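Below is one structure, written out as structure tokens; the observations come after it.
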Amino acid sequence: MPLADFLHFSRKFCLIWCKRFILLEIATFFAIFVVEEFVLVSDQNNLSRGDGEINSFSRNGNPPLRVGVIGVGNMGQHHTRVLGLLKDVELYGVADINVTRGLDIASKYRVRFFEAYQDLLACVDAVCIAVPTRLHYSVGLACLKAGVHVLIEKPIAANIEEAESLVNAAADNNCILQVGHIERFNPAFQELSNVLKTEDLLALEAHRMSPYSQRANDVSVVLDLMIHDIDLLLELTASSVVKLTASGTKAEDSGYLDYVTATLGFANGAIATLTASKVTHRKVRTIGAHCKKALIEADFLNNEILIHRQTTADYTTNYGQVLYRQDGLIEKVYTSKIEPLHAELEHFVSCVRGGNKPSVGGEQALKALRLASLVEKMAMDGQVWENEVQEGAIISALNY
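Each residue of the sequence shown is one higher than the last, beginning at 2 in our numbering.
In structure tokens form, the structure reads like this:
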């Protein structure tokens with residue numbers, strides 16, 4: 002056979018088999034795709050109603066921690082999203098009294114749906130509770146009594162008595178109780194805390210403001226927003242409150258305060274002013290720390306820390322002529338870009354696995370709630386409280 006004919010035949014032979022191979026690969030791909038989609042739909046029909054099993058594994062060889070979410074409104078959906086990203090965690094299911102919403106979230110994340118959260122408790126090691134504040138106590142108590150570890154959104158409960166009961170239930174049932182004071186895990190706050198370790202603190206000012214919305218409309222702005230900064234300031238000062246003034250106003254017909262300002266005096270001599278609003282037409286989340294040698298500004302929305310220092314430096318010529326003068330210095334502190342909720346949930350999982358106390362456990366959350374409740378009372382009554390003058394119930398309410 003001539004060489005030209007041989008090459009022509011070989012090329013034709015190769016083309017035929019290449020086409021057959023490609024067609025076979027395409028057919029195999031579509032066959033696998035159809036089977037997987039059939040299994041996915043079949044599984045989801047079972048999982049959405051709490052039936053069936055999901056095969057899961059842990060990267061370190063240990064069984065994954067099974068976690069559920071109770072309440073999949075705005076915050077609960079964020080918990081669901083982040084839990085699905087964590088290593089060695091199986092997002093087992095979600096529970097919500099809103100069946101339509103619950104099924105939608107369960108389908109989105111391919112997990113089971115439970116209309117009654119009690120049915121979820123027998124299947125999980127831990128839960129994240131993101132229900133309205135008025136339900137924190139009843140739902141949290143049921144979970145702890147079932148031996149399930151709990152991360153509950155802030156405030157820990159609607160009142161001090163319920164909060165104390167949850168703290169006791171966690172201890173009695175040997176369960177982790179972490180409270181969602183998420184700003185503790187904000188990189189900007191963590192850097193602010195580090196910077197203040199080398200500064201002489203004089204005063205703090207916190208602003209936490211938001212436009213009006215229907216979210217968290219069952220509590221005042223103190224328990225919804227200001228309690229975040231109360232917790233942060235107690236952590237930063239590491240001192241007890243000895244004086245408090247507060248005032249507030251209502252902008253809506255909800256019966257709850259919508260705008261509150263408070264001034265705190267601490268035993269170590271520091272003072273703090275807090276402003277919280279549900280009716281401001283701009284979202285603000287800042288803390289300013291006034292120190293002897295610096296002003297430190299933390300912006301929690303933009304994850305930014307700026308340190309202002311007053312310095313004077315003249316730049317002159319050889320003949321003493323001033324070319325320009327530097328009257329101040331601004332330092333920018335670089336912060337981690339991790340999502341605070343991701344860090345918070347990682348910490349919770351670590352505490353459950355290791356049996357460690359969370360950085361914001363029930364006791365810390367109870368302390369913040371006691372002070373927040375006192376701020377709320379003072380804002381409603383327009384009173385001034387000083388612990389060296391006024392004895393009795395108000396002082397014992399703080400219970401430091």
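Using N, Cα and C, we set each Cβ at its ideal position, and we do this for glycine too.
Keep in mind that this is a model prediction, so the values were computed, not measured.
Is residue j closer than 9 angstroms to residue i when the C-beta atoms are compared?
i              : j              : result
valine 376     : leucine 275    : yes
methionine 210 : serine 278     : yes
valine 223     : alanine 380    : yes
valine 151     : alanine 127    : yes
histidine 208  : isoleucine 288 : yes
valine 125     : valine 140     : no
leucine 203    : threonine 238  : no
alanine 96     : leucine 121    : yes
Comparing C-alpha positions only, which one of the options sits nearest to residue i?
i              : options                           : result
valine 350     : Cys176, Asn75, Leu122 and Arg111  : Cys176
valine 132     : Lys244, Gly266, Val220 and Lys279 : Val220
serine 255     : Val285, Arg216, Ala271 and Ala344 : Arg216
asparagine 99  : Gly74, Pro341 and Arg135          : Gly74
isoleucine 297 : Asn195, Ile130, Val140 and Thr81  : Asn195
glycine 249    : Thr238, Thr264, Leu235 and Glu162 : Thr264
alanine 366    : Val149, Val83, Ile153 and Lys284  : Ile153
lysine 378     : Val68, Leu245, Val353 and Glu163  : Leu245
histidine 79   : Val90, Ile106 and Pro64           : Ile106
leucine 197    : Gln119, Asp120, Leu233 and Ile71  : Leu233
threonine 134  : Lys155, Arg102, Thr262 and Cys144 : Lys155
threonine 312  : Gly356, Asn357, Gly329 and Lys146 : Gly329
Quick one: what's got a C-beta closer than 8 angstroms to residue i's C-beta in the same chain, skipping five residues either side?
i           : result
leucine 142 : Ser166, Leu167 and Ala170
leucine 346 : His80, Val83, Leu84, Leu87, Cys129 and Leu152
arginine 60 : Residue placement at arginine 60 is flagged as unreliable, the pLDDT there being 42, under the threshold of 50; the coordinate-derived value follows with that caveat. Closer than 8 angstroms at the Cβ level, and outside the excluded window around arginine 60, lie Lys88 and Asp89.
In chain order, what residues of the same chain lie with their CB nearer than 7 angstroms to the CB of residue i, ignoring the 5 residues before and after it?
i           : result
glycine 363 : Ile157, Leu167, Val168, Ala171, Leu178 and Val180
valine 280  : Tyr213, Ala252, Asp259 and Tyr260
If residue i and residue j are in contact, beta carbons under 8 angstroms, what's the gap, nearest whole angstrom?
i                 : j              : result
phenylalanine 115 : glycine 85     : Rounded, the Cβ-Cβ distance is 17 angstroms, inconsistent with contact.
histidine 309     : isoleucine 339 : With 8 angstroms as the limit, histidine 309 and isoleucine 339 do not qualify as a contact, their Cβ atoms being about 26 angstroms apart.
valine 112        : leucine 92     : 5 angstroms
alanine 417       : glutamate 200  : Not covered by the structure: residue 417. The range shown for the chain is 2 to 401.
valine 90         : proline 64     : Between proline 64 and valine 90 the Cβ distance is about 11 angstroms, and since that is not below 8 angstroms, they are no contact.
Only counting the same chain, and skipping five residues up and downstream in sequence, which positions put a Cβ closer than 6 angstroms to that of residue i?
i              : result
threonine 336  : Pro188, Ala189, Glu192 and Asn304
isoleucine 231 : Ala369, Leu372 and Ala373
proline 212    : His282
valine 285     : His208 and Met210
Tell me, please, which residues DSSP counts as bridged to residue i.
i              : result
aspartate 300  : Thr287 and Glu305
cysteine 129   : Val70 and Leu152
glycine 85     : Note: glycine 85 sits in no beta bridge, so no partner.
serine 248     : Thr262
methionine 210 : Ser278 and Val285
isoleucine 331 : His309
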